[in-house]
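Sequential numbering of the sequence shown, starting at 0, is according to numbering that gives the first Met the number 0.
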Amino acid sequence: MLGESMKKFATLAVSGLLILAAPATAIAEDGGQVPPQSQATEGLARGDAAYGADTDGVGTLAYPKGCGIQVNFPHASNSYEHEIHTRIVSACDVLPLASNTVSGKTYRSRWYGWQQVATLPAKTKTAGNVQEYRRTVVANCSEGNWYRYRTEGFGTISTGVQSYSAAAYEQNDDEIVCR
0 MLGESMKKFA
10 TLAVSGLLIL
20 AAPATAIAED
30 GGQVPPQSQA
40 TEGLARGDAA
50 YGADTDGVGT
60 LAYPKGCGIQ
70 VNFPHASNSY
80 EHEIHTRIVS
90 ACDVLPLASN
100 TVSGKTYRSR
110 WYGWQQVATL
120 PAKTKTAGNV
130 QEYRRTVVAN
140 CSEGNWYRYR
150 TEGFGTISTG
160 VQSYSAAAYE
170 QNDDEIVCR
């Protein structure tokens, strides 16, 4: 004997009025739950970006050519197995800098969106050649796996009086293989 809710379901299904809603939790192809989706930052410049006056945490006034952040293409490391590397360079050759800070994130493209796989914590250079700061984001990977990767670089330079910030990304348009 059908319960009351099953009778309503059967009636709606037969009459063509049945509307199915998507579940609140996504289910992976293998039947497990999809990991939480990491959203890549929208609105970043591709490849490189000029530093701007940092008035509210967002660069608003572009500084002259020669001050900016550059993000290279993610690539399989030639020196270390099972690693995807991306170089981030923050440089300014037209201002005397007191500090230069760089951070970054790397994502891989999955069927459900971008999954964050590596973080490069913010680190500040205050001695030596502060005008240029190069850092590498390292993402671990499994040999033979093919993915598209995206790396976002974030930088802040300071003269001691004024700070400037910039952010950019670079990504592979085609999948690359982990070695």
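C-beta atoms are modelled at their ideal positions from N, C-alpha and C, and glycine is treated no differently. All of these numbers come straight from a predicted model, not from anything done at the bench.
Asked	Found
Three-state secondary structure (DSSP) of residue 140	coil
Same chain, Cβ closer than 6 Å to residue 47, five either side skipped, listed in chain order	67, 69 and 167
Euclidean distance between Cα positions of residue 87 and residue 126	19 Å
Closest residue to residue 42 among 153, 134, 145 and 114 (Cα-Cα distance)	153
Simplified DSSP assignment, three categories, for residue 18	Bear in mind that the predicted position of residue 18 carries a pLDDT of just 33, short of 50, making it too unreliable to give a figure here.
Residues that DSSP places opposite residue 76 in a beta bridge	For residue 76, which the question treats as bridged, DSSP gives no partner whatsoever.
Whole-angstrom C-beta distance between residue 116 and residue 106, which should lie under 8 Å	6 Å
Residue 40: CB within 6 Å of a non-hydrogen atom of the ligand ZN	The ligand ZN is not among the ligands present in this structure, which contains no ligands whatsoever.
Spatial distance of residue 177 from residue 169 (CA atoms)	18 Å
Presumed contact (8 Å Cβ cut-off) between residue 156 and residue 99, rounded CB distance	5 Å
Cα-Cα separation between residue 103 and residue 134, rounded to whole angstroms	9 Å
Residue(s) in a DSSP beta bridge with residue 43	Answer is none; residue 43 lacks a bridge partner.
Sub-7 Å separation of residue 174 and residue 137 beta-carbons	no
Separation of residue 74 from residue 120, as counted between CA atoms	20 Å
Burial state of residue 85, where buried means 16 or more other Cβ atoms lie within 10 Å	buried
Straight-line gap, residue 204 to residue 65 (C-alpha atoms, nearest Å)	With the chain covering 0 to 178 only, the question about residue 204 has no answer from this structure.
Per-residue burial, residue 144 [other beta carbons within 10 Å of its own, 16 or more giving buried]	exposed
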